[in-house]
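Enquirer: Here's a structure for you.
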Amino acid sequence: MQPLVKRAPRSLVGWPLPAAPRVWAPLSARTQRALIYGLLGLGVFFRLFHFFNNRSFFIDELFLSVNLIKMNFRELATLPFEYEQKAPLGYLWAARFFVALFGQQEPALRLFSLLCGLGTLFLFVPVARGFLRSWGAVVAVGALALAYPAIYHAVEAKQYSAELLATVVALWLYLRFQQAHSIAALVAWGLGGGLLLWFSFPTIFVLAGIGVGLWCRALLLRDWQRCARLLIPGVLWGVSFGLVYYFFVANYQDSGWLAYFFKIKYAGYWPLLQPVAAAKWLVLKTYAFFTHPLGLLLEVDNSRHYFGLKHVLKLGWLYVPLTGLGAYYCFRKSPQNFLVLGLPVVFTLLASAANQYPFHQRFTLFLAPIALLALAFGTQQLVGRFFPRQAAFYGLLGLLLVPSLANSTRQVIDPDTFYNREYYREAMFFVNDRYRAGDAVYVYWNMRQAYDYYHAAYHLKYPATKARFVKNQSTSQAHYLQNLRPDFAAFRGKKRLWFIYDRNNRDAIGDYVDQPAWYHAQAMPPGRLLNEHFSKLGTAVAHFRKGYYEVVLYELD
Numbered sequence: 001m002q003p004l005v006k007r008a009p010r011s012l013v014g015w016p017l018p019a020a021p022r023v024w025a026p027l028s029a030r031t032q033r034a035l036i037y038g039l040l041g042l043g044v045f046f047r048l049f050h051f052f053n054n055r056s057f058f059i060d061e062l063f064l065s066v067n068l069i070k071m072n073f074r075e076l077a078t079l080p081f082e083y084e085q086k087a088p089l090g091y092l093w094a095a096r097f098f099v100a101l102f103g104q105q106e107p108a109l110r111l112f113s114l115l116c117g118l119g120t121l122f123l124f125v126p127v128a129r130g131f132l133r134s135w136g137a138v139v140a141v142g143a144l145a146l147a148y149p150a151i152y153h154a155v156e157a158k159q160y161s162a163e164l165l166a167t168v169v170a171l172w173l174y175l176r177f178q179q180a181h182s183i184a185a186l187v188a189w190g191l192g193g194g195l196l197l198w199f200s201f202p203t204i205f206v207l208a209g210i211g212v213g214l215w216c217r218a219l220l221l222r223d224w225q226r227c228a229r230l231l232i233p234g235v236l237w238g239v240s241f242g243l244v245y246y247f248f249v250a251n252y253q254d255s256g257w258l259a260y261f262f263k264i265k266y267a268g269y270w271p272l273l274q275p276v277a278a279a280k281w282l283v284l285k286t287y288a289f290f291t292h293p294l295g296l297l298l299e300v301d302n303s304r305h306y307f308g309l310k311h312v313l314k315l316g317w318l319y320v321p322l323t324g325l326g327a328y329y330c331f332r333k334s335p336q337n338f339l340v341l342g343l344p345v346v347f348t349l350l351a352s353a354a355n356q357y358p359f360h361q362r363f364t365l366f367l368a369p370i371a372l373l374a375l376a377f378g379t380q381q382l383v384g385r386f387f388p389r390q391a392a393f394y395g396l397l398g399l400l401l402v403p404s405l406a407n408s409t410r411q412v413i414d415p416d417t418f419y420n421r422e423y424y425r426e427a428m429f430f431v432n433d434r435y436r437a438g439d440a441v442y443v444y445w446n447m448r449q450a451y452d453y454y455h456a457a458y459h460l461k462y463p464a465t466k467a468r469f470v471k472n473q474s475t476s477q478a479h480y481l482q483n484l485r486p487d488f489a490a491f492r493g494k495k496r497l498w499f500i501y502d503r504n505n506r507d508a509i510g511d512y513v514d515q516p517a518w519y520h521a522q523a524m525p526p527g528r529l530l531n532e533h534f535s536k537l538g539t540a541v542a543h544f545r546k547g548y549y550e551v552v553l554y555e556l557d
């Protein structure tokens, strides 16, 4: 096999960089296609498996889906949502369209996310090939196909799969139009990018990175005509984002409880003005990023003893340096691509530092394609420069992708280990299957969203009394029970009482974390106080528990 001869790369302003070693091309086009199609097939299988497995909704899915099944298209665009929910209008209308076609149950509400997830996989192939050589494209596509967070969000009734697709589309548009000079092409680019913002708010970080990166290159080359023409898509993106911000995003700026929640519970905001804390935060968030959203680190059983080798097995020591190496060589090969791919991460971090965007798990899924391109570029350079044989590539490919494959395979073998696995539906159906006419059903405040959705979507046969949300107006256990007395009046004359509750969720949507203090100190876990009260009224005769969700049936005296 003959080595490829590379031309000396040039920097942003045109002078040649130091000559690089010759790079081998270990994969034929046929082999590359076979590997990519095989990995895509696995990715499609994992997504379809979990879609048809049709697990119960997660709490965040319930919050949004209650609105999607109750509101029409006009109301979704004009009215405030229950449970303080928000999502881009394009996603809401697309999801509502499938509800209109296929009904109100979980698969219909997840179908648009699934289509986005599948579309992301196939569109990422030309994007990866546009930035990488053949073996690098295999790594990038394989990592995205097998990543369990990307799989999960592809079957989640939320907008994050659409955000992932929007990033891939934005990168594809960049590859398609970066050399465009005609006004028509630049207008098309501007309209296409602007449309993405109606499906994905954080795509503005990606578009801003692309625009600034291209404009900086034109500016340094003193290509003033190019600078002027690049304003066409930039202005169209800015106008589109301005409309989205004015009509939708600005309405949510008063959600101080949410910013407090992500700051206290998940350290979602970068403490930029505290140098030591900022550096520590970056280290921890970088490592966490490789778990979620990238899904690269091996999921290990923390109950077992690994003789200090847990983090060795998770392979973070391999992924992080390879990604850094990829970023370095990306800068050497194409500073423009380095800026286009790196600036969205910078802008997201700056928004986090300003407490405007939490840098945490699902909110960073849209950055996953960028990180995977860097990882693949680092792998490409490592193999091509130091291990120029096919066996070395296959060995490294296996080392990189086996953890993701193991994680996702385990979640197929045992679906109960699937990310964010919850059992709201099972709790609601347990009561539905055993309900007798005349029974009283009491739904605790932290299960209201589950009852609201499943009662409407599945036409549950039992009416329920939904517990008043009075903990913030109460000062003690006795005061809390006194404030719930109007609810208890619905049980008078009943022979049986079903009590449905979540023994984990302590804070309602819109609440500041761990407030009020008396409730979290005296009435935890949720449901305990009321079970103690109901046990004085009758005898518990049936009990359901799965995950955090419990149902107790009392025969009343």
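Just so you know, the UniProt record's numbering puts 535 at position 535 of the sequence shown, and the rest follows in order with no gaps. C-beta: ideal position from N, C-alpha, C; glycine also.
Please say whether residue 379 and residue 135 have beta carbons closer to each other than 9 Å?
Expert: Contact: yes.
Enquirer: In this structure, does DSSP put residue 14 in helix, strand or coil?
Expert: Confidence in residue 14 is poor, its pLDDT being 41 and thus under 50, which makes the residue's placement too unreliable to answer from.
Enquirer: Enumerated in chain order, which unbroken segments of the alpha helix (DSSP H) with a length of 4 residues or greater are wholly contained in the region 50 to 125?
Expert: 59 to 70, 73 to 78, 89 to 102
Enquirer: Report the rounded CA-to-CA distance for residue 232 versus residue 187, giving the unit in angstroms.
Expert: 6 Å
Enquirer: I'd like to know if the region 190 to 199 and the region 355 to 368 are in contact, where contact means that at least 3 CB-CB pairs between them fall below 8 Å.
Expert: Contact check between the region 190 to 199 and the region 355 to 368: fewer than three CB pairs, one atom from each, fall below 8 Å, which does not count as touching.
Enquirer: Just to confirm, is the Cβ distance from residue 373 to residue 169 under 9 Å?
Expert: no
Enquirer: Would you call the CB atoms of residue 248 and residue 40 closer than 9 Å?
Expert: No, the pair does not count as a contact, with Cβ atoms beyond the cut-off.
Enquirer: Hey, out of 453, 38, 204, 542, whose CA is closest to residue 343's CA?
Expert: 204
Enquirer: Quick check: does the Cβ of residue 458 come within less than 8 Å of any heavy atom belonging to the ligand NAD?
Expert: Of the ligands one can find in the structure shown there are none, so the ligand NAD has no counterpart to examine.
Enquirer: Which stretch, first to last residue, makes up the alpha helix (DSSP H) that contains residue 528?
Expert: 528 to 535
Enquirer: Should residue 536 be labelled buried (16 or more other beta-carbon atoms within 10 Å of its own) or exposed?
Expert: Around the Cβ of residue 536, a 10 Å sphere holds fewer than 16 other Cβ atoms; the residue is exposed.
Enquirer: Which value, in whole angstroms, describes the spacing of the CA atoms of residue 351 and residue 132?
Expert: 29 Å
Enquirer: What is the residue span of the alpha helix (DSSP H) that residue 162 lies within?
Expert: 160 to 177
Enquirer: Whole angstroms is fine: what's the gap from residue 101's alpha carbon to residue 50's?
Expert: Answer to the nearest angstrom: the Cα atoms are 21 Å apart.
Enquirer: Comparing C-alpha positions only, which one of 244, 220, 167 sits nearest to residue 207?
Expert: 167
Enquirer: If we count the other Cβ atoms within 10 Å of its Cβ and call it buried at 16 or more, is residue 471 buried or exposed?
Expert: buried
Enquirer: Drop a sphere of 10 angstroms on the beta-carbon of residue 348, count the other beta-carbons inside from all chains shown, and report buried for 16 or more, exposed for fewer.
Expert: buried
Enquirer: From the DSSP output, in three-state form, read off residue 201 for me.
Expert: coil
Enquirer: Leaving out five residues before and five after residue 161 in sequence, what residues of the same chain have Cβ atoms less than 6 Å from its Cβ?
Expert: 113, 116, 117, 153, 154
Enquirer: Output the distance between the C-alpha atoms of residue 294 and residue 393, rounded to the nearest integer angstrom.
Expert: 21 Å
Enquirer: Could you pull the start and end residues of the beta strand (DSSP E) that residue 553 belongs to?
Expert: 549 to 556
Enquirer: Are the beta-carbon atoms of residue 444 and residue 467 separated by less than 9 Å?
Expert: yes
Enquirer: Compute the Euclidean distance between the alpha carbons of residue 332 and residue 312, then round it to the nearest angstrom.
Expert: 30 Å
Enquirer: If the criterion is Cβ atoms closer than 9 Å, does the pair residue 55 and residue 421 meet it?
Expert: In this structure, residue 421 lies closer than 9 Å to residue 55 by Cβ.
Enquirer: With a threshold of 16 other CB atoms inside 10 Å of the CB of residue 430, please say whether the residue is buried or exposed.
Expert: buried
Enquirer: Would you report the Cα separation of residue 390 and residue 397, rounded to the nearest angstrom?
Expert: Each residue's alpha carbon lies about 10 Å from the other.
Enquirer: Please state whether the Cβ-Cβ distance between residue 165 and residue 43 is less than 9 Å.
Expert: no
Enquirer: Taking DSSP as the reference, what is the three-state secondary structure of residue 466?
Expert: In the structure shown, residue 466 sits in a strand (DSSP, three-state: E or B).
Enquirer: Residue 244 and residue 197 look like a contact to me (Cβ under 8 Å); what is the Cβ gap, rounded to whole Å?
Expert: Indeed, because the Cβ distance is near 5 Å, the residues count as touching under 8 Å.
Enquirer: Spatial neighbours of residue 53 within its chain, please: CB distance less than 7 Å, with the 5 preceding and 5 following residues excluded, ordered by chain position.
Expert: 415
Enquirer: Apart from the five residues on each side of it in sequence, which residues of its chain come closer than 6 Å, Cβ to Cβ, to residue 557?
Expert: Here the set comprises 538.
Enquirer: Specify the secondary structure class of residue 475 as computed by DSSP and reduced to three states.
Expert: The answer is coil: DSSP assigns residue 475 none of H, G, I, E or B.
Enquirer: Take the Cβ of residue 473 as the centre, count every other Cβ of all protein chains shown within 10 Å, and call the residue buried at 16 or more, exposed below.
Expert: exposed
Enquirer: Does DSSP put residue 342 in a helix, a strand or coil?
Expert: helix
Enquirer: Can the beta-carbon of residue 457 be found closer than 9 Å to that of residue 496?
Expert: no
Enquirer: Which residues in the same chain as residue 29 place their Cβ atom closer than 8 Å to its Cβ, once the five residues preceding and following it in sequence are excluded?
Expert: 134
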